[in-house]
Amino acid sequence: MLAEADAIRQAVDLLDDQFVAVVQTILTATGRVVVSGVGKSALIGQKIVATLNSTGTPALFMHAADAIHGDLGMLQANDVALILSKSGNTAEIKVLVPLLRRITVPLVAMVSDRDSYLARQSDYILHAYCACEADPLDLAPTTSTTVALALGDALAVALLEARDFTRSDFARYHPGGSLGKKLYLKVADIFPHNQCPRVSPETAVKEVIFSISANRLGATAVVDADNKLRGIITDGDIRRMAYEHDSFLDLHARDVMTPAPVCVPPDEFAVSALQIMQERNITQLIVAEGETVVGFVHLHDLLREGLV
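This is the structure:
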């Protein structure tokens, strides 16, 4: 691991104007980044493609061996070709490069040997230098693939920054899993639209208890005749009132409610609703459009979506 870490640090020192030129070439291209390679370089190429796609740079993978047997047809004149090879002299690469030249796409080499065939034939070189592999025999692709992967990540991040790629952009490409949900899921997507318990300020406490119990949300909204929010009553409020007043059943909602409760709009991010709950040590929030109550979002809704 130390050997691979040292190689990455050395690769950082080798970054030059060629790296900047590659970034600019990809940014101005109207097509995709078509990544190719053979062997372990092909596997690293596939990972680079995945990272580019997920960070806003359209890319696809074309295996070098398959390219010379028909897959070259996926390449278009407005694309940018990125070829990975440690030696830069493999047989498949030597067949592929002249074919790429006929299509006249910008050709970028990610290669360890700057004097290799691939490097000499390319428009740009990303120098993924590897003095030796991490294994004692200096045979297994280890350090070389790690350096190539790190260089591919650096390219993707540089493009991401140049495009002003935002968290919202990232969310569009990562809708699955907890990461995507934190970035795109809104309150409107998770709160139960068919459960909106509400009472009037004049409602008797007994009826308030029924309203809270019927919906299993642990609370009810207090609204006026125009459905405008006036307060909230939670099951905790009921318990406290029962403890403090012997005749609490003679009270009304207006006597028990908490006025001006905290609310969230339907278009608020669900993760923001969770943050409010955590900060205030509560388990539910009223969902409101202006002063109009439209529902409740409960901590259980957030748990169900894997946000907690």
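Residue -8 is where the sequence shown starts when you use the numbering used here, and the numbers rise one by one after that.
C-beta: ideal position from N, C-alpha, C; glycine also.
As the structure is a computational prediction, the values presented were derived from the model and not from experiment.
Asked, Found
"CB-CB length for D258 against K177, believed under 8 Å", "6 Å"
"Segment contact flag, the segment 25 to 41 with the segment -2 to 14, C-beta cutoff 8 Å, min 3 pairs", "no"
"Three-state secondary structure (DSSP) of I94", "helix"
"Length-filtered (4 minimum) alpha helix (DSSP H) runs lying within the segment 13 to 65", "30 to 45 and 55 to 58"
"Contained alpha helix (DSSP H) runs [length at least 4] in the segment 178 to 261, N- to C-terminal order", "196 to 206, 226 to 235 and 244 to 247"
"Whether A50 touches V24 by CB criterion (8 Å)", "yes"
"Through-space distance from K219 to V199, alpha-carbon basis", "17 Å"
"Segment contact flag, the segment 278 to 285 with the segment 232 to 239, C-beta cutoff 8 Å, min 3 pairs", "no"
"When I39, G28, M(-8) and N80 are compared against L63, the one with the closest alpha-carbon", "G28"
"Nearest to V102 (by Cα), restricted to the options A131, V190, V148 and L5", "L5"
"CA nearest to the CA of R189, picked from Y175, A210 and P183", "A210"
"Span separating the alpha-carbon of D241 from that of I223", "18 Å"
"Buried versus exposed call for R0 [16 or more other C-beta atoms within 10 Å across all chains shown]", "exposed"
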